Structures are given as structure tokens and as C-alpha cells.
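Chains as they are written, first to last, in the numbering used here: chain Y, 1458 to 1675; chain F, 21 to 262.
Note that CB positions come from ideal geometry on N, CA and C, so glycine has one too.
Computed from a predicted structure; not experimentally measured.
Before any comments, here is the structure.
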Amino acid sequence: MQVDWSIMFDFIPQLIAGAKVTIYITVLGLIGGIVLGSIAGLMRAYGGKILNAIAFTYIELIRGTPIVVQVMFLYFALPVLADIRIDPMSAAVLAIVVNAGAYIAEIVRGAFLSINKGLTEAGLAIGMPHWKVLLYIIGPLAFRRLIPPLGNQFIVSLKDTSLFIVIGVGELTRTGQEIMAANFRAVEIWTAVAICYLIMTGTMTFALRSVEKRMKIL
Amino acid sequence: MSFIEFKNTSKAFGPLQVLKDVDLSTEKGEVVVLIGPSGSGKSTLLRCINGLETITGGDLIVDGLSVTGGKKVLCEIRQEAGMVFQQFNLFPQMTALQNVALGPRKVRGLSKDEAEIQAQALLDKVGLSDKGGHYPAELSGGQQQRVAIARALAVKPKVMLFDEPTSALDPELKHEVLNVMLQLAKEGMTMVVVTHEMAFAKQVGTRLIFMEHGKIAVDDDPRTVIDTPPNPRMKDFLSHVE
Ligand SMILES: Nc1ncnc2c1ncn2[C@@H]1O[C@H](COP(=O)(O)OP(=O)(O)O)[C@@H](O)[C@H]1O
Ligand SMILES: [Mg+2]
């Protein structure tokens, strides 16, 4: 079979539909992951023994297991264990939330703890309670340091969604596979799929770069 | 009535006993100068006053409030005790004016405008009228330290704690900070100052404390003891700082 690049254009509508699912899972998953990761990260950095231990356990459980196993667990094992029915899409989003959350927690913790302790002391010394010091002084400084590693995690999570092929979510990679099954145009299809991913990750990189540029790291 | 009172106060970091049963009582309006060899516990003593270090024995009363009284009491004490650090510790993402205005806004609850008017007046006082819009990185060390003093004063403290405020400064910049401190002392501000500036101690100090191994070894009038140290180790120490 000859390679016919023009055939790539025929899949565009399907690929766009697949990419939309990928974006949907990534965006929802990362929003949840940022919330969960921030909470867990702050628990690690400033929580007492118990909060710290809870966050630590969560982070290590997730970082110590592959995301495919995590989503399989959510989709196949959870219904058995807890009698919770969960559709593939929700399992996929939840997997990103839980997985990205663990990595983001470490990023958040690292960013907050990297801020000079003298600034926290200066804030406390003018009579601010600790939470206000974190909110008005340390948080904004940590945020600037958060952006580069967070951007990294966004890209990793976006690519991780391709693994949800294992539970049959119709995201981009799965779409590629379906088209392939119909016409066996491996070269064209996987090139087109790769280009789609590159466009998405490239856009993310570009957006993060411009945010980074506007914010000085202090 | 004493304003700051150490009652048998101890402080240990793990097995390391840094303050050993310190008894010290100071009145309002006093300018207490703390000297002593590195590691003798000067910073720790100062930081116990505003609760940046938690005491591990005895009690410590600041204007009638115990530093062991819990978080809320500690916030009250910290509003009464301004602190100036050796490394300035200005908030780098804020201008000089914003640094000074932060406390009044977030602690005293002033509006942004009110806080900034007050902050500008304090910058005027420390000789930085035209630097309000500058970020810390754009200021010299001496200017940064004066902003830090203004920031501490902005919360309207009753006592000012200084931890080697001029040690990180080039010699030619020390005087601009010392002048501000002299001015404050002359206005009657209660101060506890860790410093090696013996001229400052003689000029405005009402009391000189020489610390050694976590204890107060000498506590006397600066003008008499600086010239005739009552203790050989203090004599030795002074010969090294001057
Ligand atoms: N956070 C800390 N943890 C452990 N040891 C400390 C801490 N802070 C100070 N120390 C120790 O306490 C002693 C006194 O320190 P410090 O009060 O800073 O002395 P000074 O200001 O007189 O130089 C030193 O031996 C120092 O190493
Ligand atoms: Mg010190």
C-alpha cells in the first residue's frame, strides 16, 4: 500500500472529535488535580503530623503506581469493592485528577518551601496570622515558581490521557486506532495523531511561556 | 510595672540549651542593647519576645501578655513588638510603599488609601520620601533596612526589636540606619537592640546586657561598663568588636 498523505484530511473530523475528548479529560482532570494537589501540597508543607501523613500516603501511593493501573482500578476494581458504577469518561477524568494531584502536590510543596523563611518571619512579626502570611506574601511568590513545573505536569497529563485507551474512552489515540482498524493506513493516521498531540502540547507550552515571561521569578 | 519580663525563661533546640533560666525585666522607654559572642543566644532571646521562637521553660510576659498564651495572644504581642532583621526580609514582589502598607491593611484593617498615606509618612520619616515606588531589589541595603524599619513601625508597635540591623551593611551605609534608630530612641521608643555598634550603645542605650552561653553575664549602664568591662570575657569581646 502506498503512502497517500492527502488521505489524512479525510480523518480530520474524527480526529478533532477525539482531540476534543482528550482536551475535555485533560482540562477537567487538571482543574481537579490543581485543587487536590494544592490541598495535599499545603498539608505536606504546613499540616500537623496527621494531615502530613495522610497527604504523604496519598502522594506515595500514586507516584508508586502506573497511571494505567490507577485507571483500571477506578474503572474495574472500584465497582467490585464499593459498588460504585463509574462510566469510562468519569474514570478517565478522575484518574487524571488523582494522578496529577499527587505530582502537583509535590510541586506546590516545593514551591512554598523554597521561599525564604525570613519572609514568613517578617510577615508573622508584623502580627499577621500564618494563613494571611501564606495568602498575601508567600503564596504569590510561590505561584511564580510553580508555573514552569506545573506546565511540565500539564503536558505529561495531556499525554497520559492516551493510556485511557485501555478502558475504551474515545480520546484521540483511541480514535486513531479505530480509523486504523477500518482502513489500515498506519503511516498517515499515526502521523496525523502525532501532529494533533503536538499542536495541543505546543499550544500549552506557548501559553505557559508567555505567562512565565510576564512574571518575574523573585 | 515592667514591660517585658523574662521569668526563669529557657529555650532549647532539642538537646541544645540556648537560653538558661533567664530573668530580665525591662521598663517602657528603655533602650536595651544586647551584645555577646556569636551563638550566645542574643537572637534567640530577641525572637522569644515576639514568639518567633517558642520558649521551652519559664514564662515571658510582654505588656501583660504571656508568649505562651496561644496563637491569638501571639498575634497581639507581635503587633506590639516590631522586629527588624539582619537580612531586611522585605517582600520582594511589593514596592517599598506596599511593604510598609501591608501591616496596616491586613493587621490593623485600614483601607488601601489610608494605609498608603500612613506608609508614605513613615517613608518620609526614614528619609525615603521618593522611594515608595521602588521594589526592594532596586534599593541599597541601607535603604532596604530603613524600609524594613518603617514597615515594623507601621503597625504602631510599643517596642522595637532589632537583630543586628547593620551587620549586613557596608560600613558607609550603617550610619543611615543608625541615625533612624537614634531618632527613634530619642522619641522615646522602647527598644531591644542586638548590635555591635558600641557608639550607638553609649549614645542612647539605657542598659547594656552582655550574654554568654545563654545567660546574662553583665547587665549595667552602657557608659560605665563599655569603658570598664567588669568581666574579662566581656573585655575580650569588646576588644574584638571595636
Ligand atoms: N532553629 C535553630 N535550631 C537549632 N539550633 C539553633 C536554632 N537557632 C539557633 N540555634 C543555636 O542556638 C544557639 C544560639 O543562637 P543565636 O541565638 O542565633 O545566637 P547569637 O544571635 O547570639 O549569635 C547557637 O548555638 C545556634 O546554633
Ligand atoms: Mg544572632
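| query | In this structure, does DSSP put F/Ala-237 in helix, strand or coil? | reply | Correct three-state label for F/Ala-237: strand.
| request: Compare the C-alpha of Y/Ser-1463 against each of Y/Leu-1675, Y/Ala-1651 and Y/Ile-1646 and name the closest. | output: Closest by alpha carbon: Y/Ile-1646.
| What distance in whole Å lies between the Cβ atoms of F/Thr-215 and F/Pro-185, which are believed to be in contact at a cut-off of 8 Å? | Taking the Cβ atoms as the reference, F/Pro-185 lies roughly 7 Å from F/Thr-215, within the contact range of under 8 Å.
| task | Write down the C-beta distance between Y/Thr-1618 and Y/Ile-1482 rounded to the nearest angstrom, noting that I regard them as a contact closer than 8 Å. | result | The beta carbons of Y/Thr-1618 and Y/Ile-1482 sit about 5 Å from each other, so the pair counts as a contact at 8 Å.
| Going by DSSP, which residues form a beta bridge with F/Ala-32? | Under DSSP, F/Ala-32 forms a beta bridge with F/Gln-37.
| Any idea if Y/Ser-1614 is buried or exposed, counting beta-carbon neighbours within 10 angstroms, 16 or more meaning buried? | With 16 or more other Cβ atoms within 10 Å, it is buried.
| query | Is F/Gln-223 close to chain Y, meaning its C-beta is less than 9 Å from at least one C-beta of that chain? | reply | Interface with chain Y (9 Å Cβ-Cβ cutoff): F/Gln-223 is excluded.
| Got a sec? Which residues, its chain only, sit under 8 Å from F/Val-167 by beta carbon, not counting five neighbours each side? | So the qualifying residues of the chain are Phe-108, Leu-110, Ala-116, Asn-119, Val-120, Leu-143, Val-146, Leu-148, Lys-151, Pro-156 and Leu-159.
| Contact list for Y/Pro-1605 against chain F, beta-carbon separation under 8 Å | Near Y/Pro-1605 there are no residues of chain F at all, since even the closest Cβ is about 17 Å away, more than 8 Å.
| task | Could you name the residues whose beta carbon sits closer than 5 Å to any heavy atom belonging to ligand 1, keeping them in chain order? | result | Here the list is F/Phe-33, F/Val-38, F/Ser-58, F/Gly-59, F/Ser-60, F/Gly-61, F/Lys-62, F/Ser-63 and F/Thr-64.
| said: Could you tell me which whole alpha helix (DSSP H) segments of length 4 or greater appear in the segment 134 to 199 of chain F? | reply: Counting only runs of at least 4 residues, the segment 134 to 199 of chain F fully encloses the following alpha helix (DSSP H) elements, listed from N- to C-terminal order: 161 to 173.
| request: Starting from the beta carbon of Y/Leu-1576, find every residue of chain F whose beta carbon is closer than 7 Å, and list them in chain order. | output: Counting only Cβ-Cβ distances below 7 Å, Y/Leu-1576 has contacts in chain F at Asn-109 and Phe-111, in chain order.
| Simplified DSSP assignment, three categories, for Y/Ile-1541 | Note: Y/Ile-1541 maps to coil in three-state DSSP.
| If you compare alpha carbons, which of F/Lys-178, F/Lys-235, F/Leu-130 and F/Arg-243 is closest to F/Pro-57? | Closest by alpha carbon: F/Lys-235.
| message | By the 7 Å beta-carbon criterion, what residues does the segment 1576 to 1595 of chain Y contribute toward chain F? | response | Answer set for the segment 1576 to 1595 of chain Y: Leu-1576, Glu-1578, Ala-1579, Leu-1581, Ala-1582, Ile-1583, Gly-1584, Met-1585, Pro-1586, Lys-1589, Tyr-1593 and Ile-1594.
| query | What residues of chain Y sit near F/Glu-201, judged by a beta carbon separation below 7 Å? | reply | Correcting the residue type first, residue 201 of chain F is Met in the shown sequence and not Glu. In chain order: nothing, as chain Y lies at least about 17 Å away.
| task | Quick one: which unbroken beta strand (DSSP E) runs of 3-plus residues sit fully inside the segment 36 to 124 of chain F? Chain order, please. | result | Listed in chain order, the complete beta strand (DSSP E) runs (minimum 3 residues) inside the segment 36 to 124 of chain F are 36 to 46, 51 to 55, 77 to 82 and 101 to 104.
| For Y/Lys-1673, which of helix, strand or coil comes out of DSSP? | DSSP places Y/Lys-1673 outside both helix and strand once states are collapsed to three, so it counts as coil.
| query | For chain Y, is any of its Cβ atoms less than 9 Å away from the one on F/Cys-95? | reply | Judged by the 9 Å Cβ criterion, F/Cys-95 is in contact with chain Y.
| request: Starting from the N-terminal side, write out each stretch of the alpha helix (DSSP H) that is 4 residues or longer and does not extend beyond the segment 206 to 256 of chain F. | output: For the segment 206 to 256 of chain F, whole alpha helix (DSSP H) runs of length 4 or above, ordered along the chain, are 218 to 224 and 242 to 247.
| field | Whole-number beta carbon distance between F/Ala-205 and F/Val-224, since they are thought to touch under 8 Å | value | The C-beta separation of F/Val-224 from F/Ala-205 comes to about 4 Å, placing the pair in contact by the 8 Å criterion.
| request: For Y/Asn-1556, decide whether its Cβ has a neighbour in chain F, counting only Cβ atoms nearer than 9 Å. | output: Not closer than 9 Å to any Cβ of chain F, the Cβ of Y/Asn-1556 fails to qualify, so no.
| field | Under 9 Å between C-beta atoms of Y/Gly-1725 and Y/Ala-1552 | value | Nothing can be reported for residue 1725 of chain Y, as the shown portion of chain Y is limited to 1458 through 1675.
| message | Can you confirm whether Y/Asn-1640, when its beta carbon is compared against all beta carbons of chain F, has any partner nearer than 9 Å? | response | Chain F, which has no Cβ nearer than 9 Å to the Cβ of Y/Asn-1640, makes this no.
| field | Close Cβ partners of Y/Gln-1471 (< 7 Å) along its chain, the five nearest in sequence each way excluded | value | For Y/Gln-1471, where only same-chain residues beyond five positions count, the Cβ hits under 7 Å are Thr-1632 and Ile-1636.
| message | Give me the chain Y residues within the contact set of F/Ala-172, using Cβ-Cβ distance strictly less than 8 Å, ordered along the chain. | response | Those within 8 Å of F/Ala-172 in chain Y are Ala-1582 and Ile-1583.
| Endpoints, the alpha helix (DSSP H) within which Y/Arg-1501 is located | For Y/Arg-1501, the enclosing alpha helix (DSSP H) has its first and last residue at 1465 to 1503.
| request: Measure the CB-CB distance between F/Val-42 and F/Phe-26 and report whether it falls below 9 Å. | output: In this structure, F/Phe-26 lies closer than 9 Å to F/Val-42 by Cβ.
| Near-chain F residues of the segment 1504 to 1533 of chain Y (beta-carbon distance less than 9 Å), N- to C-terminal order | If you check each beta-carbon in the segment 1504 to 1533 of chain Y against every beta-carbon of chain F, none falls closer than 9 Å.
| query | Distance, Cα to Cα, F/Glu-196 vs F/Leu-130? | reply | Distance from the CA of F/Glu-196 to the CA of F/Leu-130, rounded to the nearest whole angstrom, comes to 30 Å.
| query | Taking Cβ positions only, does F/Glu-161 come closer than 9 Å to chain Y? | reply | The sequence given here places Gly at residue 161 of chain F; Glu does not occur at that position. Residue-level contact by beta carbon fails for F/Gly-161 and chain Y, as no gap is shorter than 9 Å.
| query | What residues of chain Y sit near F/Phe-105, judged by a beta carbon separation below 9 Å? | reply | Near F/Phe-105 (Cβ distances below 9 Å), the residues of chain Y are Gly-1575, Glu-1578, Ala-1579 and Ala-1582.
| Applying a beta-carbon distance threshold of less than 8 Å, which residues of chain Y neighbour F/Lys-126? | Taking a Cβ-Cβ threshold of 8 Å, the residues of chain Y close to F/Lys-126 are Met-1585, Lys-1589 and Tyr-1593, in chain order.
| Just to check, is the beta-carbon of F/Glu-184 closer than 8 Å to a non-hydrogen atom of ligand 2? | Result yes, Cβ under 8 Å from ligand 2.
| query | Taking Cβ positions only, does Y/Leu-1538 come closer than 9 Å to chain F? | reply | For Y/Leu-1538, not one C-beta of chain F is nearer than 9 Å to its own C-beta.
| task | Consider the Cβ of F/Gln-165: report whether some Cβ of chain Y lies at a distance smaller than 9 Å. | result | No, because no Cβ of chain Y sits closer than 9 Å to the Cβ of F/Gln-165.
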